[in-house]
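The block underneath contains the structure these notes are about, expressed in structure tokens.
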Amino acid sequence: RIHQAASHSNFQGTFIVSGGGVVASARIAHFCDGRNQFERIESLDGPARQVFRHNDVVHTFWPASRIARIEQRDLLTSFPALLIAGDDGIQDVYDIQAQAAERIAGREAHVLWVRPRDSHRYGYRLWADKASGLLLRSDVLGEKMEILETAAFSDVAIGIRARFDSVLQPMRQLEGYRVVRPVMAPTTLASQGWLMHRAPPGFRQVSCVRRPVDGAYSAAIAKGAADPHVLQTIYSDGLTHVSLFIEAYDPARHVRPLTTSVGATQTLMLRQGPWWITLVGDVPVATLQLFANGLERSR
Numbered sequence: 008r009i010h011q012a013a014s015h016s017n018f019q020g021t022f023i024v025s026g027g028g029v030v031a032s033a034r035i036a037h038f039c040d041g042r043n044q045f046e047r048i049e050s051l052d053g054p055a056r057q058v059f060r061h062n063d064v065v066h067t068f069w070p071a072s073r074i075a076r077i078e079q080r081d082l083l084t085s086f087p088a089l090l091i092a093g094d095d096g097i098q099d100v101y102d103i104q105a106q107a108a109e110r111i112a113g114r115e116a117h118v119l120w121v122r123p124r125d126s127h128r129y130g131y132r133l134w135a136d137k138a139s140g141l142l143l144r145s146d147v148l149g150e151k152m153e154i155l156e157t158a159a160f161s162d163v164a165i166g167i168r169a170r171f172d173s174v175l176q177p178m179r180q181l182e183g184y185r186v187v188r189p190v191m192a193p194t195t196l197a198s199q200g201w202l203m204h205r206a207p208p209g210f211r212q213v214s215c216v217r218r219p220v221d222g223a224y225s226a227a228i229a230k231g232a233a234d235p236h237v238l239q240t241i242y243s244d245g246l247t248h249v250s251l252f253i254e255a256y257d258p259a260r261h262v263r264p265l266t267t268s269v270g271a272t273q274t275l276m277l278r279q280g281p282w283w284i285t286l287v288g289d290v291p292v293a294t295l296q297l298f299a300n301g302l303e304r305s306r
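Numbering (my numbering), first residue to last: 8 to 306.
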């Protein structure tokens, strides 16, 4: 119900994500006509950013710099679309218990306590709207059940009238913007000369693409000998994700191995011969290390 509500309901509201001393808020509106999904998200903190999505086509606008990025994305999970549709392996790695109902954003919600069966992943508390199933709040819980990160609606309206033009019209208004169209080519680790011989239990590969390096890196790399592309592979246990990035090592950018933590999100960066490996995910850093240890160059 949580997944179906996020993809097939009409809703709009304001949600707040907080963790590690960082707080960010955004307005979201989502519409569905049965076959097609339409979504717009406007960040309310920091530099202005607007995201418009029609199915898997995503337009991201930065009004201050007059840059628009157009790309195709797999519909992976982000709040409030937390779960992968049809994934029946979640209960292999998590215990799920119902708790007493509570009110969130003025609505009655079912509460689920999702406890990991091992140390490779975090736990969760989920609040799902009783009437629709829409996820209203999600807490990521650490080893001692402390809250590492919270994403929650502060206000939400469900079952609203669909306004498809509020998404489609801005997607057509590209005049005055420098349009960037990164090409993401589907591929496999094996065809790129890599092998993941030992992923942490419960995780499976759900995506693998070869894509341009984002941001300011692209121009710098293009001037040198390094390949300006990065291989990105995503693994999931049905509830959380780990992204693995592989790119050519560049001593000008890749200074030293590094581990960082912001809320529930851990990042591990390290060198493997002529390659630079980056792992990012809402999992313990030891899990990222297992992914790194399991990655091998096959040719």
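Here a beta-carbon is modelled for each residue, glycine too, at the ideal position from N, C-alpha and C.
Would residue i be called buried (16 or more neighbouring beta carbons within 10 Å of its own) or exposed?
i	result
residue 44	buried
residue 35	buried
residue 158	buried
residue 360	With the chain covering only 8 through 306, there is no way to say anything about residue 360.
residue 273	buried
residue 123	buried
residue 86	buried
Tell me the rounded alpha-carbon separation between residue i and residue j.
i	j	result
residue 190	residue 151	42 angstroms
residue 292	residue 40	41 angstroms
residue 109	residue 138	13 angstroms
residue 25	residue 237	29 angstroms
residue 47	residue 208	35 angstroms
residue 301	residue 202	8 angstroms
residue 70	residue 55	6 angstroms
residue 240	residue 21	31 angstroms
residue 179	residue 74	14 angstroms
residue 211	residue 195	13 angstroms
Identify, in the order they occur along the chain, each residue of the same chain with its Cβ nearer than 6 angstroms to the Cβ of residue i, setting aside the five sequence neighbours on each side.
i	result
residue 134	111, 116, 118, 143 and 144
residue 78	65 and 189
residue 12	139, 140 and 141
Name the DSSP beta bridge partners of residue i, please?
i	result
residue 22	33 and 160
residue 130	148
residue 266	275
residue 256	Partner(s): none; residue 256 has no beta bridge.
residue 236	219
For residue i, which residues in the same chain have their Cβ closer than 7 angstroms to its Cβ, ignoring the five residues on either side in sequence?
i	result
residue 256	278, 281, 282 and 283
Does the beta carbon of residue i sit closer than 8 angstroms to a beta carbon anywhere in chain B?
i	result
residue 151	No chain B appears in the structure shown, which is made up of a single protein chain.
What does a CB cutoff of less than 8 angstroms around residue i pick up in its chain, not counting 5 residues either side in sequence?
i	result
residue 147	26, 129, 130, 131, 154, 155, 156, 157, 270, 271 and 289
Quick check on the DSSP output: what are the complete beta strand (DSSP E) runs of length 3 or more inside the stretch 46-110, in order along the chain?
57-61, 64-69 and 74-79
Inside the stretch 171-211 only - alpha helix (DSSP H) runs reaching at least 4 residues:
172-179
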